[in-house]
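Accompanying notes for the structure given below.
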Amino acid sequence: MQIIGLVIYYAISLYLAILMVRVVLDWISFLARDWRPRGVVLVLANIVYSLTDPPVRFFGRLIPPLRFGGIGLDMGFLVFFLVLVVTQRLVAWFFLYILA
């Protein structure tokens with residue numbers, strides 16, 4: 000059972016790393032508006048967005064944006080990130096401590 004727990008734990012860790020790459024890509028595109036990915040970075044960006052868009056959009060539809068005057072802050076990404084972190088901790092606790 001520990002092997003199953005480790006596989007799930009590391010799969011979630013990999014997905015969290017992919018989410019962090021998405022954050023970096025989003026900030027780069029936000030801060031440098033004329034920047035467009037090319038070559039290998041374009042392929043990487045397409046992979047990252049295709050892996051992360053469905054769950055982020057799902058949580059974005061469930062949770063309305065937080066309004067600050069004229070600015071709307073999308074909370075879907077943050078909630079999805081927190082769900083992954085909590086799930087990872089529960090997997091570690093259950094598979095690696097309880098069943099060990």
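All residue numbers for the sequence shown refer to numbering that gives the first Met the number 0, where the first residue is 0 and numbers rise by one.
Every residue, glycine too, gets a C-beta built ideally from N, C-alpha and C.
These numbers come from a predicted model, not from an experiment.
Buried/exposed call for residue i, threshold 16 Cβ in 10 Å
i            : result
threonine 51 : buried
glycine 68   : exposed
glycine 38   : exposed
Candidates the options: closest to residue i by CA position
i          : options                       : result
leucine 83 : Val22, Phe67, Gly59 and Pro54 : Pro54
leucine 41 : Leu24, Ser12 and Val78        : Leu24
Through-space distance from residue j to residue i, alpha-carbon basis
i             : j             : result
proline 36    : isoleucine 17 : 17 Å
tryptophan 34 : tyrosine 14   : 25 Å
alanine 100   : tyrosine 9    : The requested residue 100 is not part of the displayed model; the chain covers only 0 to 99.
tyrosine 77   : glutamine 87  : Sequence inspection shows leucine at residue 77; the tyrosine mentioned does not correspond to that position. So the alpha carbons of these two residues sit roughly 15 Å apart.
Alpha helix (DSSP H) segment containing residue i, residue limits
i              : result
isoleucine 11  : 1-30
isoleucine 102 : Limits of the chain in this structure are 0 at one end and 99 at the other, which puts residue 102 out of reach.
Heavy atom of the ligand FAD within 7 Å of residue i beta-carbon
i            : result
threonine 51 : Ligands in the displayed structure: none, and consequently the ligand FAD is not present.
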